[in-house]
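Below: one structure, written as structure tokens.
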Amino acid sequence: MKQKIELLMGNEAIGQGLIEAGCQIAAAYPGTPSTEILQAIIDRRTQAAEPLHIEWSVNEKIAFEVALAASYTGKRSVAVMKQVGLNVAADPFMRTAYLGVKGGMLTIVADDPGPHSSQNEQDTRLFCLQARVPVFDPASPAEAKDLVPLAFELSEKYEMNLVLRPTTRICHSRQNVELNAPQKLERNANFEKDPTRWAATPAFLPQLHRKLNANLEKIAREPELQPKLSPGDGSHPHTALVASGIVYAHLVDLLDELGLRDQIDLFQVLMPYPLNPDFSKCLQQDYQRVLILEETYPLIELQLAHPGAVGKQDGTIPREGELTPDIIHQVLADFLGLPSPQELPPPHRGQRPSLCPGCPHRAAFYSIKQCFPKGIFPSDIGCYTLGLNLGAVNTVHCMGACISQGAGFYQSYAQDGEFPTIVVTIGDSTFFHAGIPALINAVIQQARIIVVILDNATTAMTGGQPVPHMGVAAAEKATRAIAIEPLVKASGVDFLETCDPYDKPAFEQRLKEADAYIRSEQGGVAVLISRHGCIMDPHVRKMQVRFKVTIEDNCVGCRKCVEAFECPALSMDNEKNIALVNQDRCIGCGTCIPVCPVDAIIKEERS
Amino acid sequence: MKQQIIVSGIGGQGVLFLTRVIAQAAVNRGIAVLTSETHGMAQRGGTVLSTIKVGDFSSPLIRTGQADAGLLLWEENLPVHKPLLKENGPLLVNTAASGPGERIDASGIARNLGNAVLANLVLLGLAIRQESLFCTAEECETAIKQLAPPKFVDQNLKAFHEGLNGN
Ligand code: SF4
Ligand code: SF4
Numbered sequence: 000m001k002q003k004i005e006l007l008m009g010n011e012a013i014g015q016g017l018i019e020a021g022c023q024i025a026a027a028y029p030g031t032p033s034t035e036i037l038q039a040i041i042d043r044r045t046q047a048a049e050p051l052h053i054e055w056s057v058n059e060k061i062a063f064e065v066a067l068a069a070s071y072t073g074k075r076s077v078a079v080m081k082q083v084g085l086n087v088a089a090d091p092f093m094r095t096a097y098l099g100v101k102g103g104m105l106t107i108v109a110d111d112p113g114p115h116s117s118q119n120e121q122d123t124r125l126f127c128l129q130a131r132v133p134v135f136d137p138a139s140p141a142e143a144k145d146l147v148p149l150a151f152e153l154s155e156k157y158e159m160n161l162v163l164r165p166t167t168r169i170c171h172s173r174q175n176v177e178l179n180a181p182q183k184l185e186r187n188a189n190f191e192k193d194p195t196r197w198a199a200t201p202a203f204l205p206q207l208h209r210k211l212n213a214n215l216e217k218i219a220r221e222p223e224l225q226p227k228l229s230p231g232d233g234s235h236p237h238t239a240l241v242a243s244g245i246v247y248a249h250l251v252d253l254l255d256e257l258g259l260r261d262q263i264d265l266f267q268v269l270m271p272y273p274l275n276p277d278f279s280k281c282l283q284q285d286y287q288r289v290l291i292l293e294e295t296y297p298l299i300e301l302q303l304a305h306p307g308a309v310g311k312q313d314g315t316i317p318r319e320g321e322l323t324p325d326i327i328h329q330v331l332a333d334f335l336g337l338p339s340p341q342e343l344p345p346p347h348r349g350q351r352p353s354l355c356p357g358c359p360h361r362a363a364f365y366s367i368k369q370c371f372p373k374g375i376f377p378s379d380i381g382c383y384t385l386g387l388n389l390g391a392v393n394t395v396h397c398m399g400a401c402i403s404q405g406a407g408f409y410q411s412y413a414q415d416g417e418f419p420t421i422v423v424t425i426g427d428s429t430f431f432h433a434g435i436p437a438l439i440n441a442v443i444q445q446a447r448i449i450v451v452i453l454d455n456a457t458t459a460m461t462g463g464q465p466v467p468h469m470g471v472a473a474a475e476k477a478t479r480a481i482a483i484e485p486l487v488k489a490s491g492v493d494f495l496e497t498c499d500p501y502d503k504p505a506f507e508q509r510l511k512e513a514d515a516y517i518r519s520e521q522g523g524v525a526v527l528i529s530r531h532g533c534i535m536d537p538h539v540r541k542m543q544v545r546f547k548v549t550i551e552d553n554c555v556g557c558r559k560c561v562e563a564f565e566c567p568a569l570s571m572d573n574e575k576n577i578a579l580v581n582q583d584r585c586i587g588c589g590t591c592i593p594v595c596p597v598d599a600i601i602k603e604e605r606s
Numbered sequence: 000m001k002q003q004i005i006v007s008g009i010g011g012q013g014v015l016f017l018t019r020v021i022a023q024a025a026v027n028r029g030i031a032v033l034t035s036e037t038h039g040m041a042q043r044g045g046t047v048l049s050t051i052k053v054g055d056f057s058s059p060l061i062r063t064g065q066a067d068a069g070l071l072l073w074e075e076n077l078p079v080h081k082p083l084l085k086e087n088g089p090l091l092v093n094t095a096a097s098g099p100g101e102r103i104d105a106s107g108i109a110r111n112l113g114n115a116v117l118a119n120l121v122l123l124g125l126a127i128r129q130e131s132l133f134c135t136a137e138e139c140e141t142a143i144k145q146l147a148p149p150k151f152v153d154q155n156l157k158a159f160h161e162g163l164n165g166n
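For the record, the sequence lines run as chains A and E. By numbering that gives the first Met the number 0, the letter at position 26 of the first sequence is numbered 25, and the numbering carries on one by one without gaps. By numbering that gives the first Met the number 0, the letter at position 143 of the second sequence is numbered 142, and the numbering carries on one by one without gaps.
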């Protein structure tokens with residue numbers, strides 16, 4: 000029977016694959032490039048043949064643990080995250096390697112070589128080597144989808160958690176993909192208690208560790224996961240190309256274009272860890288020169304330890320950044336002695352991203368910077384990282400770090416005497432993810448800092464996933480709302496104010512009060528909730544007054560609104576030396592009006 | 000049939016939608032297609048690039064100097080993305096200013112239709128008028144009808160026709 004073909008993004012293909020394979024519990028925390036996987040499951044949930052629980056968990060560790068216990072009951076489950084999310088989930092992830100699973104469990108971790116939208120370009124495959132967890136490296140959206148049912152089967156066969164690692168170029172590529180009917184597994188939850196395993200004390204761990212090692216040896220030899228050879232015609236004897244992931248796809252297109260497709264032995268590695276030792280042996284015996292192409296760290300290269308290997312270890316291939324087709328072309332030309340490709344033109348930087356026109360974060364950042372020109376501003380991961388452009392973000396590290404970094408700055412300055420005003424900015428979703436323990440710590444360590452929670456009622460950066468204080472869960476399901484204020488109060492914070500940053504005078508007043516508080520005798524952590532919905536939300540835009548904003552002739556060309564406030568709807572007419580409003584992009588929020596020192600920006604209410 | 004296409008713009012201009020329309024036209028014709036898109040931080044008004052590879056390809060990315068056609072919604076991206084284009088590859092640019100490539104004030108036309116974001120389909124119309132892409136006007140219309148939210152289909156088709164018929 001001919002199956003339905005659909006144009007799917009890699010992440011959608013994976014989500015579809017999970018539903019088809021009978022996954023019944025899916026948990027994730029959003030993060031580029033992984034976000035659309037869970038979203039695809041939500042969008043396609045009605046296709047599932049059996050009950051399906053889907054959740055946007057509060058963080059990745061929680062997502063992993065929820066999926067893990069579901070697997071203990073014999074059902075198929077998945078935890079989805081981006082590469083740095085695995086750091087958050089590392090603790091349960093590492094122990095799971097020893098204890099194993101029951102129902103098939105996959106951890107899908109999306110890597111971001113480049114990086115395009117991440118705080119590093121760590122390689123999940125290398126993480127898996129250290130955790131001793133098998134990992135699959137698909138080369139296309141369709142292959143990623145095909146690996147899902149196979150991975151579930153093997154996860155059940157070996158009772159191991161397995162990792163599927165797509166990269167940005169898989170996640171955010173579209174391809175025509177074949178759809179299949181979702182499987183019905185007819186499993187009822189059945190947790191078989193076994194404390195020697197599910198609560199293993201150190202006494203039981205050596206035995207579990209032995210089993211893990213034995214399993215790794217077996218899975219390395221699974222026939223379906225062996226490196227796939229496309230043999231050459233013998234014109235390049237004793238020479239092999241080894242590639243995995245999307246880099247393999249780039250290489251195939253390149254060989255095609257250069258007319259080399261069937262001339263050189265080419266191996267695609269589907270499971271870069273654990274590698275079959277026979278594969279290493281075969282390469283050692285039959286090949287003198289081996290070019291190894293992989294993202295991002297030299298994992299295959301390390302395991303092969305081939306004396307004729309050309310790769311990242313010997314520095315032939317750039318060790319940093321994405322392996323683009325252009326780079327691969329150069330590397331292949333050098334390896335095979337082909338004419339060098341034309342030199343690349345110097346790269347140009349495009350337009351830098353900025354907070355949206357009308358973004359409430361911009362107004363908050365501008366006020367923070369105005370009130371405390373000499374302040375220290377630790378911030379965090381989200382759209383609001385772009386507060387960088389306004390000079391109101393000085394540090395960005397990892398989810399939730401800003402509060403503890405703020406406290407660390409305070410302790411270090413305070414022991415010398417004077418301390419600057421430290422204003423921490425953290426988004427609402429980030430606050431729930433990892434901010435609460437940090438806030439409690441800052442309070443008990445008596446840090447005198449201002450924490451501004453930028454509450455825009457959504458996880459904006461990744462496209463608007465629900466947050467715990469809105470009373471909505473995945474798939475628009477109504478749930479209990481967990482308000483921010485009582486959490487802050489219960490963390491021991493005595494100064495708590497809420498204000499809309501669109502109201503500049505009131506917001507700046509609250510900031511000054513907060514500063515007075517942290518410097519008072521009883522002072523400690525002050526929290527200001529900056530509350531205004533994300534402007535990307537059509538409902539928010541509809542509910543707020545929209546002005547027609549223009550610039551009068553009395554503009555003196557000081558560039559404050561364009562540079563210090565940097566709304567992307569404002570630019571300078573350099574000939575006339577006046578500011579301009581781009582009416583296509585202006586949403587008429589009016590927050591730029593108080594920025595102008597000569598009141599040249601004016602508004603009229605729109606009808 | 001093989002064609003490599005780039006679509007360049009900034010976040011918020013509808014580059015993703017335009018990419019999907021072109022790719023859908025290939026799917027409807029039963030040809031293999033691969034695209035790559037920019038998501039994440041850059042979507043906040045930063046430079047974004049989509050690539051579309053129609054025909055028998057494995058990778059979604061395009062090497063420097065290999066794109067057969069380029070659609071630029073943001074003229075300032077020219078120095079960033081023009082190097083991807085083949086020397087004689089058609090270049091279609093949304094701008095009111097003069098310069099290289101086939102040019103159309105797609106944003107201006109779209110603004111007159113009531114929504115500047117429709118510039119993406121105006122530019123697509125021009126590309127079809129110039130016979131720069133593998134697909135026909137009818138194929139684009141079908142794809143637009145499939146992908147646009149029902150209440151915007153007419154407006155989207157109008158924008159496409161403005162670019163297609165010129166004025
Ligand atoms: S009113 Fe001012 S701040 Fe708001 S979107 Fe328009 S130009 Fe930007
Ligand atoms: S509008 Fe006001 S703030 Fe902007 S450049 Fe002119 S004078 Fe300066």
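All C-beta atoms in this analysis are idealised placements derived from N, C-alpha and C, irrespective of residue type, glycine included.
TODO: Would you tell me roughly how many angstroms separate the C-alpha atoms of F92/A and A20/A, rounded to the nearest one?
DONE: Within the first sequence, the letter at position 93 stands for residue 92/A. Within the first sequence, the letter at position 21 stands for residue 20/A. Their backbone Cα atoms lie some 22 Å apart in a straight line.
Open item on the list: ligand 1 and V544/A: does the residue's C-beta get closer than 6 Å to at least one heavy atom of that ligand?
Closed with: Working through the first sequence from its first residue, we reach residue 544/A at position 545. For ligand 1, not one heavy atom lies less than 6 Å from the Cβ of V544/A.
- [ ] Pull up the DSSP beta-bridge partners for D110/A, would you.
- [x] If you number the first sequence from 1, residue 110/A lands on position 111. Note: D110/A sits in a beta bridge opposite T166/A.
- [ ] Answer yes or no: does any C-beta atom of chain E fall closer than 7 Å to that of A513/A?
- [x] Counting from 1 along the first sequence, the entry for residue 513/A is found at position 514. Output row for A513/A: interface = no.
- [ ] Taking 8 Å as the threshold, find out whether the stretch 27-44 of chain A comes into contact with the stretch 27-40 of chain E through three or more Cβ pairs.
- [x] Segments in contact, yes.
TODO: Check whether the Cβ of C397/A sits closer than 6 Å to any heavy atom of ligand 1, and report yes or no.
DONE: Locating residue 397/A in the first sequence gives position 398, where the first residue counts as 1. Ligand 1 has no heavy atom closer than 6 Å to the beta-carbon of C397/A.
Open item on the list: Would you say the beta carbon of T549/A is closer than 6 Å to some non-hydrogen atom of ligand 1?
Closed with: Indexing the first sequence from 1 puts residue 549/A at position 550. Because no heavy atom of ligand 1 lies under 6 Å away, the Cβ of T549/A does not count as near it: no.
Open item on the list: I'd like to know whether the C-beta atoms of Q168/E and D67/E end up nearer to each other than 7 Å.
Closed with: Residue 168/E lies beyond the residue range present for chain E, which begins at 0 and ends at 166; the question has no answer from this structure.
Open item on the list: So that I know if they touch, is there some Cβ in chain E lying closer than 7 Å to that of G349/A?
Closed with: By one-based count along the first sequence, residue 349/A stands at place 350. Cβ-Cβ to chain E under 7 Å: yes for G349/A.
TODO: Just the C-alpha distance for L163/E and E140/E, rounded to the nearest angstrom, thanks.
DONE: Within the second sequence, numbered from 1, the residue matching residue 163/E stands at position 164. Within the second sequence, numbered from 1, the residue matching residue 140/E stands at position 141. C-alpha of L163/E to C-alpha of E140/E: approximately 11 Å in a straight line.
- [ ] Would you check if the distance between the CB atom of L354/A and the CB atom of H347/A is smaller than 7 Å?
- [x] Here the question's residue 354/A lines up with position 355 in the first sequence. Here the question's residue 347/A lines up with position 348 in the first sequence. Not closer than 7 Å, so no.
Task: Contacting residues, own chain, Cβ-Cβ under 6 Å from D285/A (five flanking each side not counted) - done: Start at 1 with the first residue of the first sequence, and residue 285/A comes out as number 286. So the list is empty, once near-sequence residues are dropped.
TODO: For C554/A, verify whether its CB is less than 6 Å away from any heavy atom of ligand 1.
DONE: For the purposes of this step, residue 554/A is taken as the residue at position 555 of the first sequence. Of the heavy atoms belonging to ligand 1, none sits nearer than 6 Å to the Cβ of C554/A.
- [ ] Would you please verify whether the beta carbon of L60/E is less than 7 Å from any beta carbon of chain A?
- [x] Looking up residue 60/E in the second sequence gives position 61. Judged by the 7 Å Cβ criterion, L60/E is in contact with chain A.
Open item on the list: If we define contact as Cβ-Cβ less than 7 Å, is Q174/A a contact residue for chain E?
Closed with: Here residue 174/A is taken as the residue at index 175 of the first sequence, counted from 1. Cβ-Cβ to chain E under 7 Å: yes for Q174/A.
Task: Between the CA atoms of V92/E and P78/E - distance to the nearest angstrom - done: Within the second sequence, the letter at position 79 stands for residue 78/E. Within the second sequence, the letter at position 93 stands for residue 92/E. The straight-line gap from Cα to Cα measures roughly 13 Å.
Open item on the list: Please state the DSSP three-state secondary structure of F63/A.
Closed with: Position 64 of the first sequence, counted from the start, is the residue given in the question as residue 63/A. In the structure shown, F63/A sits in a helix (DSSP, three-state: H, G or I).
TODO: Throw me the rounded Cβ distance for the K227/A and Q267/A pair, which I believe falls under 8 Å.
DONE: Within the first sequence, residue 227/A is the residue found at index 228, counting from 1. Within the first sequence, residue 267/A is the residue found at index 268, counting from 1. That belief holds up - the Cβ atoms of K227/A and Q267/A are roughly 5 Å apart, short of 8 Å.
- [ ] Would you kindly work out how many angstroms separate the C-alpha atoms of L132/E and P148/E, rounded to a whole number?
- [x] Locating residue 132/E in the second sequence gives position 133, counting from the first residue. Locating residue 148/E in the second sequence gives position 149, counting from the first residue. So the alpha carbons of these two residues sit roughly 24 Å apart.
Open item on the list: What does the alpha-carbon distance come out to for the pair P297/A and Q262/A?
Closed with: Residue mapping note: residue 297/A aligns to position 298 of the first sequence, counting from 1. Residue mapping note: residue 262/A aligns to position 263 of the first sequence, counting from 1. Computed Cα separation, rounded: 25 Å.
Task: Buried versus exposed, by CB contacts within 10 Å (16 or more), K541/A - done: Reading the first sequence from its first residue, position 542 is the one you call residue 541/A. Under this definition K541/A is an exposed residue.
Open item on the list: Can you confirm whether M0/E, when its beta carbon is compared against all beta carbons of chain A, has any partner nearer than 7 Å?
Closed with: Against the second sequence, residue 0/E aligns to sequence position 1. Using a Cβ-Cβ cut-off of 7 Å, M0/E does not count as an interface residue toward chain A, since no Cβ of chain A sits closer than that to its own.
TODO: Kindly identify the DSSP beta-bridge partner or partners of Q2/E.
DONE: What you label residue 2/E is simply residue 3 of the second sequence in a count that begins at 1. Bridge pairing for Q2/E: V53/E [DSSP].
Open item on the list: My output table needs one value for C569/A: the three-state DSSP class, helix, strand or coil.
Closed with: Stepping through the first sequence from its first residue, residue 569/A is reached at position 570. Sequence inspection shows Leu at residue 569/A; the Cys mentioned does not correspond to that position. Under the three-state reduction of DSSP, L569/A is assigned to strand.
Task: Selected residue, minimal CA-CA separation from M535/A, among L125/A, A459/A, K60/A - done: Residue 535/A sits at position 536 when you count from the first residue of the first sequence. The candidate whose alpha carbon is nearest that of M535/A is A459/A.
Open item on the list: What does DSSP give as the partner residue(s) for H52/A in the beta ladder?
Closed with: Start at 1 with the first residue of the first sequence, and residue 52/A comes out as number 53. Per DSSP, I24/A.
TODO: Figure out for me which residue from Y501/A, M469/A, G426/A, A446/A has the closest Cα to the Cα of E520/A.
DONE: Here residue 520/A refers to the residue found at position 521 when the first sequence is read from its first residue. The shortest Cα separation from E520/A among Y501/A, M469/A, G426/A, A446/A belongs to A446/A.
Task: Closer than 7 Å to chain A by CB, H38/E - done: Position 39 of the second sequence, counted from the first residue, corresponds to residue 38/E. Judged by the 7 Å Cβ criterion, H38/E is in contact with chain A.
Task: G470/A: CB within 6 Å of a non-hydrogen atom of ligand 1 - done: Translated into the one-based positions of the first sequence, residue 470/A becomes position 471. No; taking the cut-off as 6 Å, the Cβ of G470/A has no heavy atom of ligand 1 nearer than that.
Open item on the list: Is G10/E close to ligand 1? I mean its beta-carbon at under 6 Å from any heavy atom of the ligand.
Closed with: Within the second sequence, residue 10/E is the residue found at index 11, counting from 1. Incorrect: G10/E has no Cβ contact closer than 6 Å to ligand 1.
- [ ] With DSSP as the reference, please indicate the residues paired to R173/A in a beta bridge.
- [x] By 1-based counting over the first sequence, the position of residue 173/A is 174. Per DSSP, M8/A, T34/E.
Task: From N393/A, T424/A, Q410/A, residue whose alpha carbon lies closest to that of G399/A - done: Locating residue 399/A in the first sequence gives position 400, where the first residue counts as 1. Closest by alpha carbon: T424/A.
Task: Residue nearest to I169/A in terms of C-alpha spacing, selected from H235/A, L7/A, A308/A - done: If you number the first sequence from 1, residue 169/A lands on position 170. Cα-wise, what sits closest to I169/A is L7/A.
TODO: Alpha carbon to alpha carbon, how far is A474/A from S172/A? Give it in angstroms, no decimals.
DONE: Walking along the first sequence from the start, residue 172/A turns up at place 173. Walking along the first sequence from the start, residue 474/A turns up at place 475. If you draw a straight line from the Cα of S172/A to the Cα of A474/A, it is about 24 Å long.
TODO: Excluding the 5 residues preceding and the 5 following L207/A in the sequence, name in chain order all residues of the same chain whose CB lies nearer than 8 Å to its CB.
DONE: Here residue 207/A is taken as the residue at index 208 of the first sequence, counted from 1. Within the same chain, L207/A has close Cβ partners Y97, L98, G99, R196, A199.
- [ ] Measure the C-alpha to C-alpha separation of N179/A and I40/A and round it to an integer number of angstroms.
- [x] For the purposes of this step, residue 179/A is taken as residue 180 along the first sequence, with counting starting at 1. For the purposes of this step, residue 40/A is taken as residue 41 along the first sequence, with counting starting at 1. If I take the Cα positions, the gap works out to 15 Å.
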